[in-house]
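Respectively, the protein sequence lines represent chains A and B. The opening position of the first sequence corresponds to residue 0 in numbering that gives the first Met the number 0, with each subsequent residue numbered one higher. The opening position of the second sequence corresponds to residue 0 in numbering that gives the first Met the number 0, with each subsequent residue numbered one higher.
2 protein chains.
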Amino acid sequence: MSKSTKVTIQDVARLAGVGVGTVSRVLNGHPNVSADAEASVRRAIEESGYRPVAAAQTLRSRRSNIIGFITDEIATSPHAGQIMRGAQETAWKGGKILFLVNTQWDPELERSAVETMIDRQVDGLIYATMFHRAATPPQAIRQIPSVLLDCFVEDASLASVVPNEADGGYQATTYLIEHGHRRIGYINHVEDIPAQRLRLQGYRSALEAHGIPFDAELVVERYSEPKGGYDGMMTLLNLPNPPSAVFCFNDRSAMGAYDAIRQRGLRIPQDIAVIGFDNQELIAANLYPGLTTMQLPHYEMGIWAVEYLLSELDAVGKDEAAAERSPPQVLLKCPLVVRDSV
Amino acid sequence: MSKSTKVTIQDVARLAGVGVGTVSRVLNGHPNVSADAEASVRRAIEESGYRPVAAAQTLRSRRSNIIGFITDEIATSPHAGQIMRGAQETAWKGGKILFLVNTQWDPELERSAVETMIDRQVDGLIYATMFHRAATPPQAIRQIPSVLLDCFVEDASLASVVPNEADGGYQATTYLIEHGHRRIGYINHVEDIPAQRLRLQGYRSALEAHGIPFDAELVVERYSEPKGGYDGMMTLLNLPNPPSAVFCFNDRSAMGAYDAIRQRGLRIPQDIAVIGFDNQELIAANLYPGLTTMQLPHYEMGIWAVEYLLSELDAVGKDEAAAERSPPQVLLKCPLVVRDSV
DNA sequence: CTGTTAGCGCTTTCAG
DNA sequence: CTGAAAGCGCTAACAG
Numbered sequence: 000m001s002k003s004t005k006v007t008i009q010d011v012a013r014l015a016g017v018g019v020g021t022v023s024r025v026l027n028g029h030p031n032v033s034a035d036a037e038a039s040v041r042r043a044i045e046e047s048g049y050r051p052v053a054a055a056q057t058l059r060s061r062r063s064n065i066i067g068f069i070t071d072e073i074a075t076s077p078h079a080g081q082i083m084r085g086a087q088e089t090a091w092k093g094g095k096i097l098f099l100v101n102t103q104w105d106p107e108l109e110r111s112a113v114e115t116m117i118d119r120q121v122d123g124l125i126y127a128t129m130f131h132r133a134a135t136p137p138q139a140i141r142q143i144p145s146v147l148l149d150c151f152v153e154d155a156s157l158a159s160v161v162p163n164e165a166d167g168g169y170q171a172t173t174y175l176i177e178h179g180h181r182r183i184g185y186i187n188h189v190e191d192i193p194a195q196r197l198r199l200q201g202y203r204s205a206l207e208a209h210g211i212p213f214d215a216e217l218v219v220e221r222y223s224e225p226k227g228g229y230d231g232m233m234t235l236l237n238l239p240n241p242p243s244a245v246f247c248f249n250d251r252s253a254m255g256a257y258d259a260i261r262q263r264g265l266r267i268p269q270d271i272a273v274i275g276f277d278n279q280e281l282i283a284a285n286l287y288p289g290l291t292t293m294q295l296p297h298y299e300m301g302i303w304a305v306e307y308l309l310s311e312l313d314a315v316g317k318d319e320a321a322a323e324r325s326p327p328q329v330l331l332k333c334p335l336v337v338r339d340s341v
Numbered sequence: 000m001s002k003s004t005k006v007t008i009q010d011v012a013r014l015a016g017v018g019v020g021t022v023s024r025v026l027n028g029h030p031n032v033s034a035d036a037e038a039s040v041r042r043a044i045e046e047s048g049y050r051p052v053a054a055a056q057t058l059r060s061r062r063s064n065i066i067g068f069i070t071d072e073i074a075t076s077p078h079a080g081q082i083m084r085g086a087q088e089t090a091w092k093g094g095k096i097l098f099l100v101n102t103q104w105d106p107e108l109e110r111s112a113v114e115t116m117i118d119r120q121v122d123g124l125i126y127a128t129m130f131h132r133a134a135t136p137p138q139a140i141r142q143i144p145s146v147l148l149d150c151f152v153e154d155a156s157l158a159s160v161v162p163n164e165a166d167g168g169y170q171a172t173t174y175l176i177e178h179g180h181r182r183i184g185y186i187n188h189v190e191d192i193p194a195q196r197l198r199l200q201g202y203r204s205a206l207e208a209h210g211i212p213f214d215a216e217l218v219v220e221r222y223s224e225p226k227g228g229y230d231g232m233m234t235l236l237n238l239p240n241p242p243s244a245v246f247c248f249n250d251r252s253a254m255g256a257y258d259a260i261r262q263r264g265l266r267i268p269q270d271i272a273v274i275g276f277d278n279q280e281l282i283a284a285n286l287y288p289g290l291t292t293m294q295l296p297h298y299e300m301g302i303w304a305v306e307y308l309l310s311e312l313d314a315v316g317k318d319e320a321a322a323e324r325s326p327p328q329v330l331l332k333c334p335l336v337v338r339d340s341v
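Structure, rendered in structure tokens:
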């Protein structure tokens, strides 16, 4: 109500006719507060428009209710806003707030960001990357509860959540098989990254599971962009016995594949079925015909990471043994998004 | 060095053989500290691995060195990661750190976010939107230095930075004119938003400036997505006297226009030149031929917003009169990005 | 130029 | 169940 000076917990206590301790207990949802006392405290808070000063709470309690979110470039990446959304929503529900720093791949900035976070006594830390890969986060991250998102450390010494790439490749290929295709091309990425290796693995497992022999000729490797997709598709089309369907490493390469197919005067999906990966709305939904593709579980990874942190936080002290368990390495499924290209 | 308990400013003072006041002065870059004292303090800090506790600093000084960043959806929007990047880099240089909250268009969450920020004594607040529009931020935002990004309030009572849409439309159209086109179509967006109105205004000014009469027939309004672009382009192509160039409200509609042009068996840019708006990399760079388009100054707006806040912050006290000046309403230019469609 | 001292506003014992 | 009191770690006067 009043606008002049800041309302403190003292003022509230006076107004409610109780001690500051009681106000604090109400604020923090402690038990052992009489209904009467609680009621008058709440009324006093309401009337005075009291808002606790976060810095004071943090200083005394050593909890900031902040979750730090450090990324190489995620906030500037098109599809990964979903991670932020999942993380942020979940944090908010848990009474936490997200603190974002983008490090632009700068290791110096990265170290500095982690330290700044720790200086601010964040309750936990999320270290996220723009694409699924092995990472080497600053050592300091181990001082507090942390989780890796869309990345992992080789020795699995930090909790991690990443997409299940192999399963995604398996599902994509299986979907094609179920639509009657037996000769299925795969335009893979050319660099050795987890997605590259694992999606191929999924592709092979799916063939095997359905009794289709693997034909090395049907797998080409190109940079996963429209040009590479175009080029890879042309190569497949030029085969003596070309495929009737093609699985593209991602939507961008599928975009190029579309061009090649069209240029040959073939129709999608009647002559060639196409399936992508990533579900980049901007591309997949806008291509004609709409691209059927696998979605990366960005939103879900964001949720999982925060929930994990939250559970770690209230496990502190309660279950000492938990700290000893080896950190979870979670894989999240990539759902199939059906449009019109298969 | 030591790992046990937290190193405090007291420890540093003792180690350096000075009082805590001196340490604090060194930390905060005050003048009036002897070179000797400063040197030993710095050494002590180094040796002890001392890091100030942010909450204590904030509590005492009432400055958090945090800039709050509140957005409706910006962090999940593809092109707007650039805003974050600009803001974040600039904040970091100014010794500030960014605190992001995404409100998902929820006014309740929005109010709550602003309050949370104020509770944490952020030094300033950026309120950003996903597309250029009039906005109604929570009242509480006026309690502290704030700036609107990619939006504005009708009465100009809050500082604001937005793209110069009219100039963008002018430049795009002029570029077409300079390439010899006299009959230029415009596929505008259909909703009444600033970009819709202002880009059209720019288009008309450019025609006028070059003595080309405005022909209402050449302006069509469609939803700014591929389908609308396709449809709008078809309408223009069906004109008795069709245009030789077309300005599309954005890259997504240009994507549809491409389809229509191709379907008619026409070539870009030989038969029809196309220019877009937004420079959405994912589309513009991947279309064939590459789409010439206008870029929105996201990165620059991010920088401007933080710089403005920073200047406001150290103007506090120094120049009381400044507070009285009416808040700046800044327009930032949209640069032309030349590819191969004109 | 520098040491000392008083809090910033809150949470958490500690007695009752 | 609750009040009083003791700081959390730091900065900003205030005397020197």
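For glycine and all other residues, C-beta sits at the position ideal for the given N, C-alpha and C. None of the values given here were measured: they were computed from a predicted structure.
Asked	Found
From D71 (chain B) to I267 (chain A), what does the alpha carbon distance come to, in whole angstroms?	38 Å
Would F246 (chain B) count as contacting chain A if we go by Cβ distances under 8 Å?	no
Give the secondary structure of I344 (chain A) by DSSP, where H, G and I count as helix, E and B as strand, and everything else as coil.	In the structure as shown, chain A starts at 0 and stops at 341, and residue 344 (chain A) therefore has no counterpart that could be examined.
Taking the runs of the beta strand (DSSP E) that are 3 residues or longer, which of them lie wholly in the segment 10 to 86 of chain B?	65 to 70
Are the segment 150 to 170 of chain B and the segment 200 to 214 of chain B touching by the rule of at least three beta carbon pairs closer than 8 Å?	yes
With burial defined as no fewer than 16 other Cβ atoms inside 10 Å of the residue's Cβ, what is the status of N240 (chain B): buried or exposed?	exposed
Less than 8 Å between the C-beta atoms of E164 (chain B) and A194 (chain B), yes or no?	yes
I'd like the span of the alpha helix (DSSP H) that includes Y174 (chain A), first residue to last.	E164 to E177
Taking 8 Å as the CB-CB cut-off, is Y287 (chain B) touching chain A?	yes
Please list, in chain order, all residues of the same chain as V189 (chain B) whose beta carbon is under 7 Å from its beta carbon, the five residues on each side excluded.	E220, R221 and Y222
For S145 (chain A), tell me which candidate among A:Y126, A:H180, A:F151 and A:P137 has the shortest Cα-Cα distance.	A:Y126
Find out if the Cβ-Cβ distance for the pair R263 (chain B), L235 (chain B) is shorter than 8 Å.	no
Using 8 Å as the threshold, is the segment 179 to 188 of chain A in touch with the segment 223 to 231 of chain A, meaning 3 or more CB pairs across them?	yes
Can you list the residues of chain A that L312 (chain B) reaches, using a CB-CB cut of under 9 Å?	Near L312 (chain B) there are no residues of chain A at all, since even the closest Cβ is about 18 Å away, more than 9 Å.
Mind the definition here: the segment 243 to 250 of chain B touches the segment 173 to 183 of chain B only if three or more C-beta pairs lie below 8 Å; say whether that holds.	yes
How big is the Cα-Cα spacing for P326 (chain B) and P136 (chain B)?	15 Å
Could you spell out where the alpha helix (DSSP H) holding G255 (chain A) opens and where it closes?	D250 to Q262
On the DSSP letters alone, give me the boundaries of the alpha helix (DSSP H) that G228 (chain B) sits inside.	P225 to L236
Are the beta-carbon atoms belonging to I274 (chain B) and V341 (chain B) less than 8 Å from one another?	yes
Return the CA-CA distance between G67 (chain A) and A215 (chain A), expressed in angstroms with no decimal places.	45 Å
Whole angstroms is fine: what's the gap from S63 (chain A)'s alpha carbon to N27 (chain B)'s?	23 Å
Is there at least one Cβ from chain B nearer than 8 Å to M83 (chain A)'s Cβ?	yes
Does DSSP classify E220 (chain B) as helix, strand or coil?	strand
Are the C-beta of L58 (chain B) and some C-beta of chain A separated by less than 8 Å?	yes
Name the residue from A:W303, A:S47 and A:L157 whose alpha carbon lies nearest to the alpha carbon of V352 (chain A).	A question about residue 352 (chain A) goes unanswered here, because the residues of chain A that appear run from 0 up to 341.
For I96 (chain B), report the span of its beta strand (DSSP E) as first-last.	I96 to N101
Got a sec: which bits of the segment 34 to 67 of chain A sit with their beta carbon under 9 Å from any beta carbon on chain B, in order along the chain?	R50, P51, V52, A53, A54, A55, Q56, T57, L58, R59, R61, S63 and I65
Is G16 (chain B) buried or exposed, if buried means 16 or more other CB atoms sit within 10 Å of its CB?	exposed
Using only the alpha-carbon positions, how far apart do G18 (chain A) and V160 (chain A) sit?	46 Å
Taking a Cβ distance cut-off of 8 Å, strictly less, list which residues of the segment 114 to 141 of chain A are near chain B, in chain order.	E114, T115, I117, D118, R119 and Q120
Taking C-alpha atoms, which residue in A:A43, A:G210, A:I211 and A:R50 lies nearest to E114 (chain B)?	A:R50
Determine, for I282 (chain B), whether the minimum Cβ-Cβ distance to residues of chain A falls below 8 Å.	yes
Between which two residues does the alpha helix (DSSP H) harbouring A208 (chain B) extend?	P193 to A208
With DSSP as the reference, label Q142 (chain A) as helix, strand or coil.	helix
Pull up the distance between the alpha-carbon of R324 (chain A) and that of H209 (chain A), whole angstroms please.	38 Å
Since T128 (chain A) and D149 (chain A) should fall inside the 8 Å C-beta cutoff, what is the C-beta to C-beta distance between them, to a whole number of angstroms?	5 Å
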